[in-house]
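Undergrad: Residue numbers (full-length UniProt numbering): 1 to 241. We put the CB at the ideal spot given by N, CA and C, even for glycine.
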């Protein structure tokens, strides 16, 4: 299929570019990536466009993405984004009328999952450069439950992923991508809060986190100690020490 071939070639070129831009990109826990299952990948979001590109090029999932609708405003751009597997999602700031269009986007996402594809959702709802895991939104839960309601036999898992940078905006920095254990969605059907909390709990150790009120001070102290902020395990040890 032409779309699949185009996306494969595009990913290859972009992967080379990313490996030139960053000094090192490490992927941990790749064994947790399931095979022959519907995958709803939920990640933290610290670096705008770079986060989805990293996940698209450093996994074998060939994912689709939920992307903020504002970038789809121009029809030509929208056609390109649709071709590279991006699906618009609307926020309150886009207007209440446009919020109704999210149902169509969710239906497209459900169709991807029913075909045992992969959807990537940045669970916090927007990006922020502070090193912290912000509260997750309910969008991914809604999509998971809708998929299971339409196909009760669907083998659907939620895959938590933490993306960590030594420096978000500088070339020559390092990136750590950490996959957690896949969470089967079926046992949580009808229990939205429990699924939200389970994914949030699974993401916590996959993300290097600094309290917002002390972010600048602690960051500088850790940099001076040459602690790898892209490694949440080393980061946690350094903070405890």
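Taking the alpha-carbon positions, what's the residue 70 to residue 83 distance?
TA: Answer to the nearest angstrom: the Cα atoms are 17 angstroms apart.
Undergrad: What are the complete beta strand (DSSP E) segments, minimum 3 residues, inside the stretch 86–142?
TA: If we require 3 residues or more, the beta strand (DSSP E) runs fully inside the stretch 86–142 come out as 86–89 and 118–122.
Undergrad: Provide the residue span of the alpha helix (DSSP H) that contains residue 221, from first to last.
TA: 215–224
Undergrad: The beta strand (DSSP E) spanning residue 167 covers which residue range?
TA: Element bounds for residue 167: n/a, residue is neither H nor E.
Undergrad: Do residue 138 and residue 206 have their beta-carbon atoms positioned less than 8 angstroms apart in this structure?
TA: no
Undergrad: Grouping DSSP H, G and I as helix and E and B as strand, with all else coil, what is residue 63?
TA: coil
Undergrad: Identify whether residue 84 lies in helix, strand or coil by the three-state DSSP scheme.
TA: Residue state, collapsed to three classes: coil.
Undergrad: Using 8 angstroms as the threshold, is the stretch 179–194 in touch with the stretch 139–156, meaning 3 or more CB pairs across them?
TA: yes
Undergrad: Pairing CB atoms from the stretch 37–47 with CB atoms from the stretch 157–176, are three or more of them under 8 angstroms?
TA: Touching, yes, given that three or more Cβ pairs across the two stretches are closer than 8 angstroms.
Undergrad: For residue 32, which residues of its own chain have a beta-carbon under 8 angstroms away from its beta-carbon, when the five flanking residues on both sides are left out?
TA: 159, 179, 180, 181 and 182
Undergrad: Would you give the residue range spanned by the alpha helix (DSSP H) that residue 174 belongs to?
TA: Note, residue 174: premise wrong, no alpha helix (DSSP H); beta strand (DSSP E) at 174–179.
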